[in-house]
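**Student:** Going by numbering that gives the first Met the number 0, the sequence shown opens with residue 0, and the numbers climb by one from there.
The following block contains the structure, expressed as structure tokens.
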Amino acid sequence: MNDPRFFLFDLPRSGRPAPFTIPEEYYPGVRDHWHDAASRRTVDPIEGIRALVIHAAVGFSSAGVMSVMKAHRASWHWLIPGTDEEPHGKVAWACVPEASAALHVRDHRSYPALNGGQAKVDDWSLAIQIVNSRSRDVVEPFSDWQVEIAAEIARYSWAKYPNLTHVVSHALLDPERCSDPGAHFPWNRFRDLVLNGAGDPYPARPTSAAVPMESLPALHNVATCCAAWDLPPADD
């Protein structure tokens, strides 16, 4: 069984892909909320990016995960829809501008092999959040598309950010509280897709099948494979 506490690989200097676009669309209504759920980077927003962090959420849908961002508890740059959601297979949701720091790793966390052991990972990283399951009690396999689009986002980032070096799990950075993206995430396949590519990038297929931010209910009890957000019990 894979141990997500050791999910890490580095991007070589050679083999960097040529720039390309990814099938992304802003989550409906997210522009009204990202200023309160993100912060200004303390590093150059292009030259200062060093890492890409992979997260996964268990419990509810993309709307449930986005209720966490609406409550300003956490955020991420991209959200990959769950397997039973209409946007699955079509687009990744853009949630925070890449130039801003998403709130996805606790400030004091660090790892010796990442950016010289510096803390405040949010300032020098990008974040992908993958919706894994609607059920808190069932961990579903990640779909091929979820793994492939996560790899495409990683390759897009590798092409765009000249100093991006590390691709890492949330669990490696915060092993006491987090286990995402989970032992069932196919890390080796994901790594191979990032390093070697999977053919032509997916064509963008616009969709608006998501609950807009202004229509989201109160904060859901969503977990990242380990209840990392310390949320209160959900009403549902």
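Beta carbons are placed, not taken as given, at the ideal position from N, Cα and C, and that holds for glycine.
In this text, all values refer to a predicted model and were calculated from it rather than measured experimentally.
Please classify Ile148 as buried or exposed, where buried requires at least 16 neighbouring CB atoms within 10 angstroms.
**Tutor:** Position 149 of the sequence shown, counting from 1, holds the residue named residue 148. Buried is the call here.
**Student:** So Gln117 is in the alpha helix (DSSP H); what residue range does that whole segment cover?
**Tutor:** Residue numbering aside, residue 117 sits at position 118 when the sequence shown is read from its first letter. Note, Gln117: premise wrong, no alpha helix (DSSP H); not H, not E.
**Student:** Can you say whether Ser168 is buried or exposed, counting buried as having 16 or more other CB atoms within 10 angstroms of its CB?
**Tutor:** Locating residue 168 in the sequence shown gives position 169, counting from the first residue. Flag for Ser168 reads buried.
**Student:** I think Trp123 touches Phe6, with their Cβ atoms under 8 angstroms apart; what is that distance to the nearest whole Å?
**Tutor:** Residue 123 sits at position 124 when you count from the first residue of the sequence shown. Residue 6 sits at position 7 when you count from the first residue of the sequence shown. Between Trp123 and Phe6, the beta carbon gap of about 18 angstroms keeps them out of contact (Cβ cut-off 8 angstroms).
**Student:** Taking the C-alpha atoms as reference points, what is the distance between Ile21 and Tyr155?
**Tutor:** Counting from one through the sequence shown, the residue named residue 21 turns up at place 22. Counting from one through the sequence shown, the residue named residue 155 turns up at place 156. Ile21 and Tyr155: Cα-Cα distance of roughly 7 angstroms.
**Student:** Could you confirm whether any beta carbon from chain C is found closer than 9 angstroms to the beta carbon of Pro161?
**Tutor:** In the structure shown, chain C does not exist; there is a single protein chain.
**Student:** What number of angstroms, rounded off, separates the C-alpha of Leu171 from the C-alpha of Glu213?
**Tutor:** Stepping through the sequence shown from its first residue, residue 171 is reached at position 172. Stepping through the sequence shown from its first residue, residue 213 is reached at position 214. Cα-Cα distance, rounded: 34 angstroms.
**Student:** When you compare the CB positions of Arg4 and Ser178, do they come within less than 9 angstroms of one another, or not?
**Tutor:** Position 5 of the sequence shown, counting from 1, holds the residue named residue 4. Position 179 of the sequence shown, counting from 1, holds the residue named residue 178. Taking 9 angstroms as the Cβ cut-off, Arg4 and Ser178 qualify as a contacting pair.
**Student:** What three-state label does DSSP hand Ala101 in the structure shown?
**Tutor:** To locate residue 101, count along the sequence shown from 1; it is residue 102. Three-state result, Ala101: strand.
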